[in-house]
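A short worksheet on the structure shown next.
In our numbering, the protein residues as written are 867 to 1240.
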């Protein structure tokens, strides 16, 4: 194996500032590490650089590692003091516009210029035209693959290092996108809250609608005594009762007095059934004065005519039942073609007579609370 010849001009100095041809890196090494062959100077250097490399390179008696890679170098300056050599290296870096710091130089690293950066790749089979470094035994140079033994091989390739710098416009675009994303998330949370509120309102509306749909209203008029019992049972539900009060208050309207009561009862009770009913039981017919549908009539009329009292309304209800036979007679006369008195007039006169008879009777009184004629 060829011996590496040490340069004679370095024998009287201890440290040398070297610049590596491979990547223009700058470092300080003991002069004993530098060798010369065929007019070129070489220096072994570790790759990667170990943590304690500064301790090694600042020691005059240190020797290169056997697994270090030998690079071609240029000797910039030589000095007998490591710290002074470091200062020369810093000055050389400043003159060459090297992108580095003093702190980095003190850690024993190699530094590269801004112009171009080179990287080292390891391959298994190098081409014969390139320089090879054998990673075994002592360091030496070979010119072709014929001199390479079968142990591990490393090849150094000079490949331009591409520096990627951040684009200001791209950074602004990313910043705007993040702001947009944050705003979108806030809007999404707000919309989700609104949707939840709308959902709650919809559910409440559906529940109320379901409750209203359960109230189907009574189909008037009632036609038989069985219907009387059925409507009484149905009106026991306070909700049904109150709903019917509101509906029936619009039937008679605020026409006042007799007309309002008569119109409401005509709506509620079939004429044939009215013939069998009376407000009291004195006539021997079925008394309905204490029934819920009569109370319903009274409250619906009073709701639309607040000026009427219960006593007045009870008297109008009793008159309507008593006049049912006269209304039936008038209807029969109309069917046979005989001239008859106006039904409304007859009903009014009959009602007046019935009311007068009721008021003159010593055995008849009206109860304001129950509306019963006793």
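Even for Gly, the Cβ is constructed at its ideal location relative to N, Cα and C.
Inter-residue CB distance, residue 1241 and residue 910 (contact presumed, cutoff 8 Å):
Residue numbering for the chain in the displayed model covers 867 to 1240; residue 1241 lies beyond these limits and cannot be assessed.
Give a yes or no on whether the C-beta atoms belonging to residue 1163 and residue 1152 are separated by under 9 Å.
On the chain shown, residue 1163 is found 297 positions in, with the first residue counted as 1. On the chain shown, residue 1152 is found 286 positions in, with the first residue counted as 1. Going by C-beta atoms, residue 1163 is not nearer than 9 Å to residue 1152.
Across which residues does DSSP place residue 935 in a beta bridge pair?
Here the question's residue 935 lines up with position 69 in the chain shown. 911.
Could you say which of 1149, 941, 1136 lies nearest to residue 1088 if we only look at CA atoms?
Counting from 1 along the chain shown, the entry for residue 1088 is found at position 222. Of the listed residues, the one whose Cα sits closest to residue 1088 is 1136.
Smallest Cα separation from residue 907: which of 897, 916, 915?
As a position in the chain shown, residue 907 is number 41, starting the count at 1. The residue with the shortest Cα to Cα distance from residue 907 is 897.
Taking the alpha-carbon positions, what's the residue 1058 to residue 1065 distance?
Position 192 of the chain shown, counted from the start, is the residue given in the question as residue 1058. Position 199 of the chain shown, counted from the start, is the residue given in the question as residue 1065. The alpha-carbon atoms of residue 1058 and residue 1065 are separated by roughly 10 Å.
Nearest-angstrom Cα separation, counted from residue 933 out to residue 902
Within the chain shown, residue 902 is the residue found at index 36, counting from 1. Within the chain shown, residue 933 is the residue found at index 67, counting from 1. Going by the C-alpha atoms only, they are around 19 Å apart.
Would you kindly check if the distance between the Cβ of residue 1124 and the Cβ of residue 1187 is under 9 Å?
As a first step, residue 1187 is located in the chain shown; it is residue number 321 there, counting from the start. As a first step, residue 1124 is located in the chain shown; it is residue number 258 there, counting from the start. No, the pair does not count as a contact, with Cβ atoms beyond the cut-off.
According to DSSP, is residue 1207 part of a helix, a strand, or is it coil?
Within the chain shown, the letter at position 341 stands for residue 1207. Confidence at residue 1207 is low in this model, with a pLDDT of 46, below 50, so its placement is unreliable and the value that follows should be read with caution. Residue state, collapsed to three classes: coil.
Apart from the five residues on each side of it in sequence, which residues of its chain come closer than 6 Å, Cβ to Cβ, to residue 1101?
The residue labelled residue 1101 in the question sits at position 235 within the chain shown. Excluding residues within five positions, the ones whose Cβ falls inside 6 Å are 1107, 1158.
Alpha-carbon to alpha-carbon, residue 1160 and residue 1067:
For the purposes of this step, residue 1067 is taken as residue 201 along the chain shown, with counting starting at 1. For the purposes of this step, residue 1160 is taken as residue 294 along the chain shown, with counting starting at 1. Residue 1067 and residue 1160: Cα-Cα distance of roughly 39 Å.
By alpha-carbon positions, which one of 1127, 1061, 1054, 1138 ends up nearest to residue 1093?
Along the chain shown, read from residue 1 onward, the residue named residue 1093 stands at position 227. Looking from the CA of residue 1093, the closest CA among 1127, 1061, 1054, 1138 belongs to 1138.
Are residue 885 and residue 936 closer than 9 Å when you measure CB to CB?
Taking the chain shown and counting its residues from 1, one reaches residue 885 at position 19. Taking the chain shown and counting its residues from 1, one reaches residue 936 at position 70. No; because the gap between Cβ atoms is not below 9 Å, this pair is not in contact.
Within a Cβ cutoff of 6 Å, which residues of the same chain sit near residue 942, ignoring the five residues on either side of it in sequence?
In the chain shown, residue 942 corresponds to position 76, counting from 1. Counting only Cβ-Cβ distances below 6 Å, and skipping sequence neighbours, we find 883, 885, 958.
Which term fits residue 1218, buried or exposed, when burial requires 16 or more other beta carbons within 10 angstroms of its beta carbon?
Taking the chain shown and counting its residues from 1, the one referred to as residue 1218 is at position 352. Because residue 1218 carries a pLDDT of 39, less than 50, the predicted location of this residue cannot be relied on, and no value is offered for it.
Under a Cβ-count criterion, where at least 16 other Cβ atoms within 10 Å of its own Cβ denotes burial, should residue 1110 be classed as buried or exposed?
Along the chain shown, one-based indexing puts residue 1110 at 244. Residue 1110 is buried by the Cβ-count criterion.
Report the partner residues of residue 943 according to the DSSP bridge assignment.
Within the chain shown, numbered from 1, the residue matching residue 943 stands at position 77. Note: residue 943 sits in a beta bridge opposite 883.
Check whether residue 1185 and residue 1118 have beta carbons under 9 Å apart
Within the chain shown, numbered from 1, the residue matching residue 1185 stands at position 319. Within the chain shown, numbered from 1, the residue matching residue 1118 stands at position 252. No; because the gap between Cβ atoms is not below 9 Å, this pair is not in contact.
Drop a sphere of 10 angstroms on the beta-carbon of residue 973, count the other beta-carbons inside from all chains shown, and report buried for 16 or more, exposed for fewer.
To locate residue 973, count along the chain shown from 1; it is residue 107. Its pLDDT being 37, under 50, residue 973 is placed unreliably in this model, and the value from its coordinates should be taken loosely. Label assigned to residue 973: exposed.
On the DSSP bridge assignment, give the partners of residue 1152 in chain order.
Counted from its first residue, the chain shown places residue 1152 at position 286. 1143, per the DSSP bridge assignment.
Can you list, in chain order, the residues of its chain with a C-beta nearer than 7 Å to that of residue 1190? Leave out the 5 residues immediately preceding and following it.
Indexing the chain shown from 1 puts residue 1190 at position 324. 1137, 1140, 1141, listed in sequence order.
Selected residue, minimal CA-CA separation from residue 1085, among 1047, 1126, 1055, 1133
On the chain shown, position 219 is the one that residue 1085 refers to. Here the closest residue by C-alpha is 1133.
When we look at the beta-carbon of residue 930 and count the other beta-carbons within 10 Å, is it buried (16 or more) or exposed?
What you label residue 930 is simply residue 64 of the chain shown in a count that begins at 1. By the beta-carbon neighbour count (other beta carbons within 10 angstroms, threshold 16), residue 930 is buried.
Can you tell me where the beta strand (DSSP E) holding residue 896 begins and where it ends?
Mapped onto the chain shown, residue 896 falls at position 30. First-last of the beta strand (DSSP E) with residue 896: 892-896.
Taking the beta carbon of residue 1175 as the centre, do at least 16 other beta carbons fall within 10 Å, making it buried, or is it exposed?
In the chain shown, residue 1175 corresponds to position 309, counting from 1. Residue 1175 is exposed by the Cβ-count criterion.
CB-CB length for residue 1127 against residue 1179, believed under 8 Å:
Stepping through the chain shown from its first residue, residue 1127 is reached at position 261. Stepping through the chain shown from its first residue, residue 1179 is reached at position 313. With a Cβ gap of about 6 Å, residue 1127 and residue 1179 count as contacting.
Pull up the distance between the alpha-carbon of residue 922 and that of residue 891, whole angstroms please.
Counting from 1 along the chain shown, the entry for residue 922 is found at position 56. Counting from 1 along the chain shown, the entry for residue 891 is found at position 25. If you take the alpha carbons of residue 922 and residue 891, they lie about 18 Å apart.
Helix, strand or coil at residue 924 according to DSSP, with G and I counted as helix:
Along the chain shown, read from residue 1 onward, the residue named residue 924 stands at position 58. Residue state, collapsed to three classes: coil.
With H, G and I counted as helix, E and B as strand and the rest as coil, what does DSSP make of residue 906?
Here residue 906 refers to the residue found at position 40 when the chain shown is read from its first residue. Strand at residue 906.
Alpha helix (DSSP H) containing residue 1185: first to last residue?
As a position in the chain shown, residue 1185 is number 319, starting the count at 1. Unbroken alpha helix (DSSP H) run through residue 1185: 1176-1188.
State the start and end residues of the unbroken alpha helix (DSSP H) segment that holds residue 1123.
For the purposes of this step, residue 1123 is taken as the residue at position 257 of the chain shown. Taken as a continuous stretch (DSSP letters only), the alpha helix (DSSP H) holding residue 1123 covers 1123-1134.
Starting from residue 901, follow its DSSP beta bridges and name the residues at the other end.
One-based indexing of the chain shown puts residue 901 at position 35. Bridge partners of residue 901: 908.
Going by other Cβ atoms of all chains shown within 10 Å of its Cβ, with 16 needed for buried, is residue 1091 buried or exposed?
For the purposes of this step, residue 1091 is identified with residue 225 of the chain shown, where counting begins at 1. Exposed, because fewer than 16 other Cβ atoms sit within 10 Å of the Cβ of residue 1091.
Do you know how far the Cα of residue 881 is from the Cα of residue 895?
To locate residue 895, count along the chain shown from 1; it is residue 29. To locate residue 881, count along the chain shown from 1; it is residue 15. Each residue's alpha carbon lies about 6 Å from the other.
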